[in-house]
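Novice: Below you'll find the structure I mean.
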Amino acid sequence: MLKVCLSGPLKSAAGGAASVLISAATIRELLRELVKQYPQMQIQLDDGIAV
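Be aware that the sequence shown starts at -16, since it is given in this note's numbering, and climbs by one per residue.
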């Protein structure tokens, strides 16, 4: 389980949560799971983020 710290638009997309717990083995899995749990993150992730 990974703790993902969020800020800005990603935090807003997660309902204001400063962090979320995600189960993933790779960055790709992490990003897919974020979108699965928080579909409104798709636009920001498609635009690109620093990881």
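By construction, the Cβ of each residue, glycine as well, lies at the ideal position given by its N, Cα and C atoms.
1) Determine, using beta-carbon pairs with one atom in the stretch -15 to 4 and one in the stretch 21 to 34, whether at least three such pairs fall under 8 Å.
2) Is it the case that the Cβ atoms of I5 and L(-15) are separated by a distance below 8 Å?
3) Which residues mark the beginning and the end of the beta strand (DSSP E) in which S6 is found?
4) To which residues of the same chain is P(-8) closer than 7 Å at the C-beta, ignoring the five residues directly before and after it?
Specialist: According to the structure data:
1) At 8 Å Cβ cutoff, the stretches touch.
2) Yes.
3) No beta strand (DSSP E) holds S6; DSSP gives it neither H nor E.
4) Counting only Cβ-Cβ distances below 7 Å, and skipping sequence neighbours, we find Q27.
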